[in-house]
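Asks: Before anything else, here's the structure in question.
Residue numbers (UniProt numbering): 1 to 209.
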């Protein structure tokens, strides 16, 4: 199964997990109920969402023993149970207990953020440690720049292909048998760069903390 990491899409982390990563508290708008957030919640949700998406891609339901989930998330089953209840309250997790093996439906933060208020700790300058709206603006701006670069590159390549000279076959050289083709290989051929990939260093440089 492909994980989100193997998909090379860091914007998923910016749009979803990063809010949980920096959040100090999360409040449910509908009820006013507030939860203090710890690192375990982000780790558990990220793991379960990744597993859920992978199973869904194969047309399967997500089943896993909670003891195994706890082991993979480096916590005790009791701690896991505590945070699973929080995820359920936040609308990020649905547990189907109708069968002996529980099935999990895991929702992304993006799908539920309309009903959630994220609060972040303050830095020394009085500003929050994370500004999600600003992070998204920087992300989308960087994506726009890459799209422009890709378009320009494809246009240039298309122009080069149209202007590529036709190389006529030369007659066989003296002393060489007939029928041996003469291959003309340009030594200065350009290799187009791949601007589609975006590494994590570029992501962190463009998105403010």
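Just so you know, even glycine gets a beta-carbon here, dropped at the ideal spot from N, CA and C.
Can you have a look at residue 18 and say buried or exposed, based on whether 16 or more other CB atoms are within 10 angstroms of its CB?
Replies: Translated into positions along the chain shown, residue 18 becomes position 18. When all chains shown are included, residue 18 counts as buried.
Asks: Could you please give the first and the last residue of the uninterrupted beta strand (DSSP E) stretch that includes residue 41?
Replies: In the chain shown, residue 41 corresponds to position 41, counting from 1. Element bounds for residue 41: not the beta strand (DSSP E) but the alpha helix (DSSP H), 39 to 57.
Asks: Candidates 117, 55, 39: which alpha carbon is nearest residue 32's?
Replies: In the chain shown, counting from the first residue as 1, residue 32 sits at position 32. Ranking the options by Cα distance to residue 32, first place goes to 117.
Asks: Taking Cβ positions, are residue 22 and residue 130 nearer each other than 8 Å?
Replies: Looking up residue 22 in the chain shown gives position 22. Looking up residue 130 in the chain shown gives position 130. It is a contact, given that the beta carbons lie within the stated cut-off.
Asks: Would you kindly check if the distance between the Cβ of residue 46 and the Cβ of residue 119 is under 8 Å?
Replies: Taking the chain shown and counting its residues from 1, the one referred to as residue 119 is at position 119. Taking the chain shown and counting its residues from 1, the one referred to as residue 46 is at position 46. Against a cut-off of 8 Å, the Cβ pair of residue 46 and residue 119 comes out as no contact.
Asks: Measuring only the C-alpha atoms, how far is residue 59 from residue 128?
Replies: Here residue 59 refers to the residue found at position 59 when the chain shown is read from its first residue. Here residue 128 refers to the residue found at position 128 when the chain shown is read from its first residue. Taking the straight line joining both Cα atoms gives about 41 Å.
Asks: Give me the Cα-Cα distance between residue 88 and residue 132, rounded to the nearest whole angstrom.
Replies: The residue labelled residue 88 in the question sits at position 88 within the chain shown. The residue labelled residue 132 in the question sits at position 132 within the chain shown. In a straight line, the C-alpha of residue 88 is about 23 Å away from that of residue 132.
Asks: By DSSP, does residue 20 sit in helix, in strand, or in coil?
Replies: Sequence index remark: in the chain shown, residue 20 carries index 20 (1-based). It is helical.
Asks: Is it right to say residue 135 is buried, meaning 16 or more other beta carbons lie within 10 angstroms of its own, or is it exposed?
Replies: Translated into positions along the chain shown, residue 135 becomes position 135. With 16 or more other Cβ atoms within 10 Å, it is buried.
Asks: Helix, strand or coil for residue 77 per DSSP?
Replies: Your numbering for residue 77 matches position 77 in the chain shown. Three-state DSSP puts residue 77 in a helix.
Asks: Please return the same chain residues whose Cβ sits closer than 8 Å to the Cβ of residue 90, not counting the five positions on each side in sequence.
Replies: Residue mapping note: residue 90 aligns to position 90 of the chain shown, counting from 1. Here the set comprises 26, 28, 35, 112, 116.
Asks: Does residue 84 come out as helix, strand or coil in the three-state DSSP assignment?
Replies: Sequence index remark: in the chain shown, residue 84 carries index 84 (1-based). Residue 84: helix per DSSP, three-state reduction.
Asks: Helix, strand or coil, according to DSSP, for residue 105 in the structure here?
Replies: Taking the first residue of the chain shown as 1, we reach residue 105 at position 105. Strand at residue 105.
Asks: Per the DSSP calculation, residue 36 is bridged to which residue(s)?
Replies: The residue labelled residue 36 in the question sits at position 36 within the chain shown. Per DSSP, 25.
Asks: Please state whether the Cβ-Cβ distance between residue 40 and residue 71 is less than 8 Å.
Replies: Numbered from 1 along the chain shown, position 40 holds the residue referred to as residue 40. Numbered from 1 along the chain shown, position 71 holds the residue referred to as residue 71. No. Outside cutoff.
Asks: Can you tell which of 43, 68, 49 has its C-alpha closest to the C-alpha of residue 104?
Replies: Numbered from its first residue, the chain shown carries residue 104 at position 104. That would be 49, whose Cα lies nearest to the Cα of residue 104.
Asks: One question on the structure: do residue 106 and residue 63 come within less than 8 Å of each other, judged by their Cβ atoms?
Replies: Residue mapping note: residue 106 aligns to position 106 of the chain shown, counting from 1. Residue mapping note: residue 63 aligns to position 63 of the chain shown, counting from 1. Their beta carbons are not under 8 Å apart, which means residue 106 does not touch residue 63 by this criterion.
Asks: Are the Cβ atoms of residue 94 and residue 102 separated by less than 8 Å?
Replies: For the purposes of this step, residue 94 is identified with residue 94 of the chain shown, where counting begins at 1. For the purposes of this step, residue 102 is identified with residue 102 of the chain shown, where counting begins at 1. Result no, Cβ atoms of residue 94 and residue 102 do not sit closer than 8 Å.
Asks: Whole angstroms is fine: what's the gap from residue 44's alpha carbon to residue 75's?
Replies: For the purposes of this step, residue 44 is taken as the residue at position 44 of the chain shown. For the purposes of this step, residue 75 is taken as the residue at position 75 of the chain shown. So the two alpha carbons sit approximately 9 Å from each other.
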